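*Asks:* Residue numbers for the sequence shown follow the numbering used here, beginning at 23 and rising by one.
Even for Gly, the Cβ is constructed at its ideal location relative to N, Cα and C.
Keep in mind that this is a model prediction, so the values were computed, not measured.
Shown below is the structure under consideration.
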Amino acid sequence: MTTMLTIVLSVILSAQLDSTQLWIGDQSALHLEATASEQDSVRFPHFTNTLQQDIEVVEQSAIDTTATADGRTVYHQDLVITSFKDSLFYIDPIPFVVNGDTMYTNSLSLNVIQPFEMDTTDAITDIKNVMRPKVWWWGIFRWVLLAILIVGLVIGIGFLIEWLQKFRKQEVVEPVNPETLRPCDEVALEKLDRIKEEKAWQSGEYKRYFSELTFVVREYIGRRYDIHSTEKTSNETLVAMKPILAENDQKSLYQKLESMLQLADLVKFAKWSPTPDESETSLTAAYLFVKETAQPAEKPSDEATDDDFEQV
23 MTTMLTIVLS VILSAQLDST QLWIGDQSAL HLEATASEQD SVRFPHFTNT
73 LQQDIEVVEQ SAIDTTATAD GRTVYHQDLV ITSFKDSLFY IDPIPFVVNG
123 DTMYTNSLSL NVIQPFEMDT TDAITDIKNV MRPKVWWWGI FRWVLLAILI
173 VGLVIGIGFL IEWLQKFRKQ EVVEPVNPET LRPCDEVALE KLDRIKEEKA
223 WQSGEYKRYF SELTFVVREY IGRRYDIHST EKTSNETLVA MKPILAENDQ
273 KSLYQKLESM LQLADLVKFA KWSPTPDESE TSLTAAYLFV KETAQPAEKP
323 SDEATDDDFE QV
């Protein structure tokens, strides 16, 4: 790096190059700096596209200012220069206007090197005409074939999906549950009998006992009143059953159903430990609810008809 300073009164001018040797076409930064006091007036030179002949200015920054510890001001500007000529250049001192007078920085040298050997014996030839590229038929055919295969694959997948949907829509004969052919109260009472025989509450299996007990009651409500109680909460079931039991003047039956469902919720969700009396009372309430709400069986008519007598 080449550095020289010019001191004019209280002003210091400086010019520096990052690199004094370049390959042709490469770039280097030229740093211009002026240090002056507050009373001094400093004007930087105005640069065009060239610093001097065969040395071009590629870029120039704005002028920055920095205050020093002794109260002076440093003005700074960077230039990016390049050259496309193989030569050793002498960069003239760069002029500044300081307090109305023209002052100069130090001079610099820049060596631009051609790194390639050029054969000057070859004759200069003219630029070739524009060539029209050949059509790549195999490439076009390959892309067309690929597009046809993709379309065929999509169509085939569509037919496969349609066939699967038709196959799934075929009627599937589901086995008939024998319980659905019997009266709902008869099925419920048989299940309550099994729960009574197991006596799960006596072995401390309160949660299983109340879960099975309430499921039987909810299943019976679903078949008897077409209320999907197994998919409802206890409160939703009670809300649905209240007007039905009230209409049949079965208020006490509703209260027993309410007590049984609320106690079951405490056991299943709050880990409540019921007494043996509470467990037996819930089972009795379930029996009573099924028996009191069972749909009466159709009785055969006692009236005689013409078919009961032989024609004379």
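#1: Return the CA-CA distance between Met-153 and Glu-184, expressed in angstroms with no decimal places.
#2: Of all the options Asp-100, Thr-297, Val-289 and Lys-156, which has the alpha carbon lying nearest to the alpha carbon of Glu-81?
#3: Label Val-195 either buried or exposed according to how many other C-beta atoms from any shown protein chain fall within 10 Å of its C-beta, with 16 as the threshold for buried.
#4: Taking the C-alpha atoms as reference points, what is the distance between Phe-237 and Thr-252?
#5: So the alpha helix (DSSP H) Trp-160 belongs to, where does it begin and stop?
#6: Leaving out five residues before and five after Ile-243 in sequence, what residues of the same chain have Cβ atoms less than 6 Å from its Cβ?
#7: Identify which residue in Pro-298, Ser-256 and Lys-150 has its Cα closest to the Cα of Ala-286.
#8: Considering only the alpha carbon of each residue, which of Ser-304, Leu-279, Lys-254 and Leu-211 lies closest to Trp-223?
#9: Between the C-alpha atoms of Gln-187 and Phe-181, what's the straight-line distance to the nearest angstrom?
#10: Could you have a look at Gln-136 and say whether DSSP puts it in helix, strand or coil?
#11: If you draw a straight line from the C-alpha of Trp-159 to the C-alpha of Phe-138, how long is it?
#12: Check whether the Cβ atoms of Asp-207 and Ala-316 lie closer than 7 Å to each other.
#13: Three or more C-beta pairs closer than 8 Å, one from the stretch 92-109 and one from the stretch 119-130: is that the case here?
#14: What is the DSSP secondary structure of Met-125, reduced to helix, strand or coil?
#15: My output table needs one value for Arg-65: the three-state DSSP class, helix, strand or coil.
#16: Determine, using beta carbons only, whether Val-102 and Gln-43 come nearer to each other than 7 Å.
#17: Could you tell me the distance, in whole angstroms, from the CA atom of Glu-219 to the CA atom of Glu-212?
#18: Less than 7 Å between C-beta atoms, sequence neighbours within five positions excluded: which residues of the same chain meet that for Gly-106?
#19: Closest by CA to Gln-277, which one among Leu-288, Lys-264 and Glu-269?
#20: Could you tell me how far apart the beta carbons of Ile-85 and Phe-66 are, in whole angstroms, since I believe they sit closer than 8 Å?
#21: Taking Lys-221 as the reference, give the member of Gln-61, Pro-298 and Lys-313 with the closest Cα.
#22: Quick check on the DSSP output: what are the complete alpha helix (DSSP H) runs of length 4 or more inside the stretch 294-322, in order along the chain?
#23: Taking 7 Å as the cut-off, decide whether the C-beta atoms of Arg-235 and Tyr-309 are in contact.
#24: Any beta carbon from chain B within less than 7 Å of His-98's own beta carbon?
#25: Among Tyr-112, Thr-87, Glu-241 and Val-96, which has the Cα closest to the Cα of Leu-39?
#26: Counting along the chain, where does the alpha helix (DSSP H) carrying Asp-271 start and finish?
#27: Do you know offhand how far Val-261's Cα is from Lys-313's?
#28: Where do the ends of the alpha helix (DSSP H) carrying Val-238 lie?
#29: In the DSSP assignment, find the alpha helix (DSSP H) that holds Ile-217 and state where it starts and stops.
#30: From this set, Val-120, Lys-290, Ser-233 and Phe-311, which residue's C-alpha is nearest Gln-61's C-alpha?
*Replies:* On the basis of the coordinates in this document:
#1: 53 Å
#2: Asp-100
#3: Its pLDDT being 48, under 50, Val-195 is placed unreliably by the model, and nothing is read from it.
#4: 7 Å
#5: 159-190
#6: Ile-249 and Ser-251
#7: Ser-256
#8: Ser-304
#9: 10 Å
#10: coil
#11: 42 Å
#12: yes
#13: no
#14: strand
#15: strand
#16: no
#17: 11 Å
#18: The sequence given here places Phe at residue 106; Gly does not occur at that position. These residues qualify, in order along the chain: Ile-46 and Gly-47.
#19: Lys-264
#20: 6 Å
#21: Pro-298
#22: 298-315
#23: Correcting the residue type first, residue 235 is Leu in the shown sequence and not Arg. No, the Cβ-Cβ distance between Leu-235 and Tyr-309 is not below 7 Å.
#24: Here chain B cannot be found, since the structure has a single protein chain.
#25: Tyr-112
#26: It is not in any alpha helix (DSSP H) - Asp-271 carries neither H nor E in the DSSP assignment.
#27: 21 Å
#28: 228-247
#29: 206-220
#30: Val-120
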